[in-house]
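In the order they appear, the protein sequences are chains A and B.
Each residue of the first sequence is one higher than the one before, counting from 0 in numbering that gives the first Met the number 0.
Each residue of the second sequence is one higher than the one before, counting from 0 in numbering that gives the first Met the number 0.
C-beta atoms are modelled at their ideal positions from N, C-alpha and C, and glycine is treated no differently.
It should be emphasised that the depicted structure is a prediction, and the values quoted were computed from it without experimental measurement.
Single-structure report; data block below.
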Amino acid sequence: MGLMGAGVVGRNTLAGIRKIGASEERRREIDQKTHESNAIRIFDSMSQMKGAFMKLGQMLSLQAHTLPEPYLRRLADLQWEAPPMHGTLMRMQFRNETGRSPEEVFDGFEREPFAAASLGQVHRARLKSGEPVAVKIQYPGIDRSIDSDFANLKTMLSTIRLSREQYGEVWNAVEEVRLHFHREVDYVQEADTIEEFRRLLRDRDDVRIPRVYRDFSTSRVLTMEFIEGQHLRDYLKGKPSQAERDAIGDRLLDLFFRQAFDFGLIHADPHPGNYLFLGDGRIGLLDFGCSKKFDRAFVDEHRKLFKIAIGDIDVLERHYKKFGMITDDDPKREQKKAALLKMQRTDISKYHEDRLFDFGDAAHFREIIGGLQELAKLGLTTPGFVLYVRAKIGLYNLFHQLGARVNCHKVYRKYV
Amino acid sequence: MGRRESKKEATKKKILEVSLQLFQKMGFGRTTMRDIAKKCGIALGTTYNYFPTKEHIAQYFFERALDEVMERYRREEPPDAPLEEKLFLLLSIELEKVTPYEEFLNLIVTHAVLPTSRLHPSSMDSQRLKMKYLDFIGSILESAKESGEFSTLGFDSMILSAFWVFHLGIMMFWMNDQSRKKEDTYILLDKSLRFILNAMKGKAPLGQKRRK
């Protein structure tokens with residue numbers, strides 16, 4: 000790590016020397032190249048923390064004009080990679096956590112994991128009483144490595160040339176991800192979240208959330224009910240009818256609004272792998288390591304944003320002025336207004352029209368992403384907002400892949 | 000084993016158990032053969048018949064521990080597991096075996112660093128144990144070699160010595176490990192085994208993709 004830091008600093012210095020007397024264009028080119036080689040070096044050397052950096056990348060790319068493009072691109076490339084544990088290490092970790100071996104605790108414990116999870120792996124087993132379970136086991140020492148790895152990351156990031164304001168944003172985002180990550184590696188917190196969702200959604204028999212078996216869980220081992228179902232790709236192979244896909248879209252959008260507006264608590268990891276299709280139209284929700292609570296004020300303001308009439312730029316502007324994101328003497332004021340208006344048309348308008356909206360339309364999805372990036376560049380997003388947007392985009396992405404058509408207005412009216 | 004041998008064996012075991020207690024209580028240096036004999040209720044001369052010195056007792060402890068480790072490994076060895084898992088298993092059985100005697104090991108280490116000590120890793124007495132251990136490691140590596148999983152890359156003469164040093168290093172790390180349930184030792188063991196074996200196979204050490 001120290002060596003790598005020296006490498007990054009060295010390259011920055013070298014680039015500084017090369018830039019002396021160079022033309023403006025050449026300077027930019029040198030900067031770009033330096034950023035690129037630094038980005039590759041920084042992120043490649045941190046294999047264990049890739050999950051965190053992936054999230055960080057997603058947040059930063061939604062959040063702003065913060066990091067130079069090459070860093071963002073590399074961050075976006077990162078994939079979730081939990082270090083694999085072989086059977087012996089996995090069993091040792093399980094025994095250290097629970098005091099017994101998995102074979103003593105369960106019947107039919109499968110040594111080979113069936114899925115990779117947030118910094119661990121998931122094994123199938125059966126309780127002695129017969130219930131099928133999924134047992135998530137975390138690689139040892141992850142929790143303790145978070146702070147040291149983030150300290151290293153901050154050192155690395157401090158070598159990037161940024162304005163003071165940009166540093167502020169990057170630091171805040173890094174800090175939010177660090178805290179978020181601490182929550183995510185604590186399976187007791189995840190168990191609490193699962194149980195909170197189960198309680199909040201107990202009236203919804205169309206949504207299944209796994210039961211937690213606390214007697215067989217610790218902060219690093221999480222034993223949950225095994226839910227039988229198909230992942231999106233397999234589900235689509237069975238050629239479900241349009242009506243069925245529409246119904247699922249409707250149900251999931253309703254679930255999203257209910258979480259965001261009624262509970263102020265969202266399942267914020269909308270990866271398609273976290274949804275299970277149970278075959279009878281019911282949906283299974285998995286992986287609650289990443290959830291986000293919102294305070295009343297945020298929820299109320301957001302509700303108001305939805306209600307603003309399409310095209311009413313004055314009200315829209317006033318809304319953003321309240322948060323200081325637009326000011327009267329803002330040099331980018333007109334640009335910001337135009338971007339907000341465009342985003343309102345692209346996203347919010349479907350909630351104002353009483354008709355089926357086709358999420359299968361690729362152009363819509365592209366416009367949403369483009370619009371968000373534009374808002375981010377203009378500084379029109381906040382950290383809290385980022386996880387919310389991430390959840391919503393994830394949902395749109397799922398609808399898009401499902402080819403679902405949803406009457407968004409009907410769903411929205413129940414909550415706004 | 001005849002009745003006489005088994006009685007002898009039982010006495011040896013008793014002397015060992017009592018000695019370990021005394022070592023942990025009084026320190027290795029301060030415990031005398033007289034203390035041991037007295038606590039065992041055996042004549043001092045008889046005790047010397049079994050163990051000429053207390054270093055011999057310590058040696059006997061390691062020898063028994065090694066036998067038990069090898070026996071347990073043979074029972075638990077997962078036949079289809081990769082080499083890194085097999086070596087991880089062996090070392091973790093060793094660590095588990097010595098866990099109740101950690102204090103004793105700490106005492107022994109301060110003694111064993113003296114080059115004149117019988118317990119020094121390169122003393123004659125230690126050599127015998129070392130050879131026994133490395134023979135066992137050799138057989139594990141050999142079968143991995145036969146299945147094409149592992150190649151010594153021409154380092155044949157060095158590989159076992161290198162493994163011995165690695166093993167001592169892990170032991171020292173373990174003794175100094177303050178982490179919860181000494182999990183840092185197991186992380187180090189897991190990652191270093193993967194790193195070394197992957198590097199020897201010419202793969203990217205920790206499985207990352209290489210980039211230019």
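Selected residue, minimal CA-CA separation from residue i, among the options
i                 : options                                   : result
Met91 of chain A  : B:Ser191, B:Leu192 and B:Lys180           : B:Lys180
Arg143 of chain A : A:His85, A:Asn95, A:Pro330 and A:Phe180   : A:Phe180
Ala124 of chain A : A:Leu199, A:Tyr319 and A:Lys135           : A:Lys135
Ile208 of chain A : A:Asp106, A:Val184 and A:Phe196           : A:Phe196
Leu106 of chain B : B:Tyr185, B:Glu148 and B:Gly28            : B:Gly28
Phe149 of chain B : B:Lys200, B:Glu4, B:His166 and B:Ala9     : B:Lys200
Leu126 of chain A : A:Glu103, A:Val415, A:Arg177 and A:Phe322 : A:Glu103
Gly237 of chain A : A:Ala116, A:Leu277 and A:Ile307           : A:Leu277
Lys7 of chain B   : B:Ile136, B:Lys38 and B:Phe50             : B:Phe50
Ala114 of chain A : A:Gly98, A:Ile141, A:Met84 and A:Gly140   : A:Met84
Val298 of chain A : A:His363, A:His351, A:Glu366 and A:Val415 : A:Val415
Arg219 of chain A : A:Thr97, A:Arg257 and A:Arg281            : A:Thr97
His110 of chain B : B:Lys53, B:Glu95, B:Asn197 and B:Pro78    : B:Lys53
Gly310 of chain A : A:Ile392, A:Glu183, A:Ser162 and A:Thr345 : A:Thr345
Asp189 of chain B : B:Ala42, B:Leu104 and B:His166            : B:His166
Leu235 of chain A : A:Gly280, A:Val206 and A:Arg257           : A:Gly280
Phe22 of chain B  : B:Phe162, B:Ile195 and B:Glu101           : B:Glu101
Gly263 of chain A : A:Ala242, A:Pro239, A:Gln120 and A:Ala296 : A:Ala296
Tyr138 of chain A : B:Met25, B:Ala36 and B:Tyr185             : B:Tyr185
Ile392 of chain A : A:Ile367, A:Leu401, A:Pro330 and A:Val405 : A:Ile367
Beta-carbon neighbours of residue i, restricted to chain A and to distances below 8 Å
i                 : result
Phe87 of chain B  : His85, Thr87 and Leu88
Pro213 of chain B : The requested residue 213 of chain B does not occur in the structure, where chain B is confined to residues 0 to 211.
Check: residue i C-beta below 8 Å from any heavy atom of the ligand HEM
i                 : result
Leu401 of chain A : The model depicted lacks the ligand HEM and carries no ligand whatsoever.
Cut-off 6 Å between Cβ atoms - residues of its own chain near residue i, not counting five sequence neighbours on either side
i                 : result
Ala403 of chain A : Arg244, Asp245, Gly248 and Phe358
Lys211 of chain B : Residue placement at Lys211 of chain B is poorly supported in this model, since its pLDDT is 30, which falls under 50; the coordinates still yield a value, given next. Within the same chain, Lys211 of chain B has no close Cβ partners at all.
Pro271 of chain A : Leu231 and Leu397
Phe149 of chain A : Arg177
Gly228 of chain A : Leu275, Phe276, Leu277 and Gly283
Asp328 of chain A : none
Tyr411 of chain A : Tyr350
Asp353 of chain A : His408
His399 of chain A : Phe358 and Phe364
Thr10 of chain B  : none
Thr192 of chain A : Phe287 and Ser290
Amino acids of chain B, ordered along the chain, whose beta-carbon sits closer than 7 Å to that of residue i
i                : result
Met91 of chain A : Ser91 and Tyr185
Own chain, CB closer than 7 Å to residue i, minus 5 neighbours either side, in chain order
i                 : result
Ile92 of chain B  : Val68, Arg71 and Tyr72
Ala267 of chain A : Cys289, Ser290, Lys291, Leu386, Arg389 and Ala390
Glu62 of chain B  : Leu128
Leu192 of chain B : Glu83, Leu86 and Phe87
Glu189 of chain A : Leu221, Phe287 and Gly288
Glu224 of chain A : Glu130, Val132, Pro209 and Arg210
Ala57 of chain B  : Ile107 and Leu118
Ala64 of chain B  : Lys96 and Val97
Ser122 of chain B : Ser116
Per-residue contacts from residue i into chain A (C-beta, under 9 Å)
i                : result
Ala80 of chain B : His85, Gly86 and Thr87
Glu84 of chain B : His85, Gly86, Thr87 and Leu88
Residues near residue i by beta carbon distance below 8 Å, same chain, minus five either side
i                 : result
Ser100 of chain A : Arg90, Phe93 and Arg94
Leu394 of chain A : Leu251, Leu252, Phe255 and Pro269
Arg203 of chain A : Leu254
Contacts of residue i in chain B (Cβ-Cβ under 8 Å)
i                 : result
Gly140 of chain A : Ser178, Glu182, Asp183 and Ile186
Interface residues of chain B facing residue i [CB-CB closer than 9 Å]
i                : result
Asn95 of chain A : Arg179, Lys180, Glu182 and Tyr185
For residue i: DSSP bridge partner residues
i                 : result
Ile265 of chain A : A:Lys291
Phe356 of chain A : A:Val405
Ile136 of chain A : A:Gln120 and A:Val220
Ile282 of chain A : A:Val206 and A:Phe276
Leu152 of chain A : Answer is none; Leu152 of chain A lacks a bridge partner.
Arg212 of chain B : Since the first and last residues shown for chain B are 0 and 211, residue 212 of chain B lies out of range.
Proximal residues of chain A, C-beta to C-beta of residue i below 7 Å
i                 : result
Asp213 of chain B : Residue 213 of chain B cannot be examined here, being either before or after the span of chain B that is shown, 0 to 211.
On the three-pair Cβ rule with 8 Å, is the region 138-149 of chain B touching the region 82-100 of chain B? yes
Report yes or no: do the region 8-21 of chain B and the region 38-58 of chain B share at least 3 C-beta pairs separated by less than 8 Å? yes
Cβ contact check for the region 198-213 of chain A and the region 370-377 of chain A: 3 or more pairs under 8 Å: no
Across the region 100-111 of chain A and the region 196-206 of chain A, are there enough close Cβ pairs to call them in contact, namely three or more that are closer than 8 Å? no
Would you check if there are 3 or more beta carbon pairs closer than 8 Å linking the region 304-319 of chain A to the region 339-348 of chain A? The answer is yes - the region 339-348 of chain A touches the region 304-319 of chain A, with three or more Cβ pairs under 8 Å.
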